[in-house]
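Numbering (my numbering), first residue to last: 6 to 468. Below is one structure; the comments refer to it alone.
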């Protein structure tokens, strides 16, 4: 099985748009067909990719998926043999000029699990000596952990063309990699506010990033674009990943309504891929109203996002309002996750900057919510296990991975109402609780990664 695949990993700089995001947009503009993946939790990059490329993006986090087999099954489900299956992720960085370059574990695991080329993108805004030291250090770390997966490198924010010539020469002398080119410092961009990216002004918010991508594309002599496709093809034949679970019996009769809005896209589309793999039909229901398929609905899924931007739309959409009130009774599959969880609760404190500081949810579950900021903040990976009866996890030995934001607080009058225990890892001690349920209805502050527990998710869908 041929699945052309490639990892572009950026040296991390807080607040900056990763160059890999702009490279993906340029490749799309040049006519390459892409399937896009984000290899680590980075919601601003997730949304910028979606807006710049005009297509869905799948979160592919090795630490959340629960192992190599699960990640490969997710990748295989979302990938296409007719596209460059492109993974954008963080390469890590240094705490200071004198500290070692730290590559995140998920980056090394991604290269190992997908068995493909990695193109690291390095900042070169200091001396060429420091840049080359970083390049050789990173290549050595990959060789020691994964093997020979880096045959090309790219540079950004280089001081001047003379400095690039020095770096290019030393890369050839000290490593077996070649330089694909450089991106000028003038094309560096700050990441737009995520609330703007998730609202109706996304096209305007993204203009500075789009202009940088246009400049990168026009600098054709500075980057060897043709090698990206060649490197994607230069990977071993894909060994099909065996199914980790069988489709639901009579699954073709199971229709799951997925609420669609630009504000509800921060978790990617991995959950929908699993639903389809299990044989369900995904029925898209626009939050803003409009046409939808007139079919019976057997489940409802409200994805993670900045729901405070669109709370009123939930109440204005009569069809959706009916589905939420009926579905939350517990008789059918029902999932509301992450930043969307407050809509099913009682009191909602809006983030600073809103005219109305408070509003109300549907009062289906017994909790109050507080958005502490306009963004969802730095995510925290967590693993949940069963605390009491709930539709997804049976007892303390079943786990589902996911992440939460400290900028969203949800509190129950009685903590005993919460049905999950939270841990930093399946082996760690319990540090908190989460999730509320009624029958098969579940609401959680986590953006869960169902690919970490496909059999449990199948059982829940099947009822």
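Glycine included, C-beta positions come from ideal geometry on N, C-alpha and C. Owing to the predicted nature of the structure, the values given are computational and were not obtained by experimental measurement.
Inter-residue spacing [alpha-carbon to alpha-carbon] between residue i and residue j
i: residue 389; j: residue 334; result: 23 Å
i: residue 85; j: residue 429; result: 34 Å
i: residue 288; j: residue 232; result: 39 Å
i: residue 463; j: residue 261; result: 13 Å
i: residue 312; j: residue 66; result: 23 Å
i: residue 250; j: residue 283; result: 8 Å
i: residue 368; j: residue 238; result: 52 Å
i: residue 110; j: residue 380; result: 26 Å
i: residue 145; j: residue 359; result: 50 Å
i: residue 465; j: residue 329; result: 18 Å
i: residue 230; j: residue 206; result: 31 Å
i: residue 323; j: residue 244; result: 47 Å
i: residue 54; j: residue 356; result: 25 Å
i: residue 139; j: residue 402; result: 42 Å
i: residue 398; j: residue 305; result: 19 Å
i: residue 105; j: residue 221; result: 30 Å
i: residue 354; j: residue 136; result: 47 Å
i: residue 317; j: residue 325; result: 12 Å
i: residue 301; j: residue 143; result: 53 Å
i: residue 6; j: residue 362; result: 54 Å
i: residue 433; j: residue 440; result: 19 Å
i: residue 437; j: residue 253; result: 33 Å
i: residue 178; j: residue 149; result: 20 Å
i: residue 19; j: residue 157; result: 24 Å
i: residue 164; j: residue 81; result: 40 Å
i: residue 337; j: residue 14; result: 41 Å
Best match in the options for proximity to residue i [C-alpha to C-alpha]
i: residue 347; options: 307, 243, 338; result: 307
i: residue 423; options: 395, 11, 107, 97; result: 395
i: residue 79; options: 109, 119, 431; result: 119
i: residue 8; options: 259, 83, 302, 407; result: 83
i: residue 89; options: 453, 28, 101, 46; result: 28
i: residue 459; options: 75, 13, 65, 104; result: 75
i: residue 309; options: 316, 114, 342, 211; result: 342
i: residue 33; options: 105, 300, 337, 58; result: 58
i: residue 386; options: 190, 393, 450, 349; result: 450
i: residue 241; options: 417, 117, 375, 441; result: 117
i: residue 97; options: 444, 419, 113; result: 113
i: residue 490; options: 271, 411, 444; result: Only positions 6 to 468 of the chain appear in the structure, and residue 490 is not among them; the question remains open.
i: residue 17; options: 229, 196, 150; result: 196
i: residue 377; options: 366, 414, 457; result: 414
i: residue 273; options: 21, 52, 355; result: 52
i: residue 128; options: 159, 153, 61, 212; result: 159
i: residue 247; options: 19, 426, 77; result: 77
i: residue 264; options: 292, 275, 279; result: 292
i: residue 30; options: 374, 151, 187, 218; result: 218
i: residue 115; options: 361, 12, 278; result: 12
i: residue 352; options: 371, 100, 191; result: 371
i: residue 236; options: 431, 468, 258, 182; result: 182
i: residue 166; options: 194, 228, 277; result: 228
i: residue 452; options: 46, 37, 14; result: 46
i: residue 209; options: 10, 319, 56, 468; result: 56
i: residue 223; options: 281, 338, 35, 374; result: 35
i: residue 267; options: 280, 336, 345; result: 345
i: residue 391; options: 340, 384, 400; result: 400
i: residue 161; options: 194, 365, 299; result: 194
DSSP bridge partner residues for residue i (one or two, in chain order)
i: residue 190; result: The partner list for residue 190 (beta bridge, DSSP) is empty, contrary to what the question assumes.
i: residue 339; result: 305, 446
i: residue 386; result: 408
i: residue 15; result: 95, 126
i: residue 373; result: 416
i: residue 353; result: 364, 374
i: residue 439; result: 425
i: residue 107; result: 98
i: residue 10; result: 90
i: residue 248; result: According to DSSP, residue 248 bridges with nothing at all.
i: residue 454; result: 406
i: residue 391; result: 425
CB contact check: residue i to chain D, cutoff 8 Å
i: residue 221; result: The structure shown contains no chain D; it holds only a single protein chain.
Taking 8 Å as the cut-off, does the region 40 to 53 touch the region 91 to 110 (at least 3 CB pairs, one atom from each stretch)? Yes: the two stretches touch, three or more of their Cβ pairs being nearer than 8 Å.
Is there contact between the region 397 to 416 and the region 63 to 71, where contact requires at least three CB pairs shorter than 8 Å? Verdict: yes, contact present.
Inter-stretch contact (C-beta, 8 Å, three-pair minimum) for the region 123 to 135 and the region 164 to 173: They touch, by the three-pair rule.
Go through the region 250 to 300 residue by residue and report every complete run of the beta strand (DSSP E) that reaches 3 residues or more, in order. Listed in chain order, the beta strand (DSSP E) runs fully inside the region 250 to 300 are 260 to 265, 286 to 291, counting runs of at least 3 residues.
Fully enclosed by the region 14 to 91, which alpha helix (DSSP H) runs are 4 residues long or longer? Unbroken alpha helix (DSSP H) stretches of 4 residues or longer found wholly inside the region 14 to 91: 24 to 34, 48 to 58, 67 to 70, 73 to 83, given in chain order.
Going along the chain, which unbroken runs of the alpha helix (DSSP H) with 4 or more residues stay wholly within the region 151 to 235? Counting only runs of 4 or more, we get 166 to 179, 199 to 202, 207 to 210, 212 to 223.
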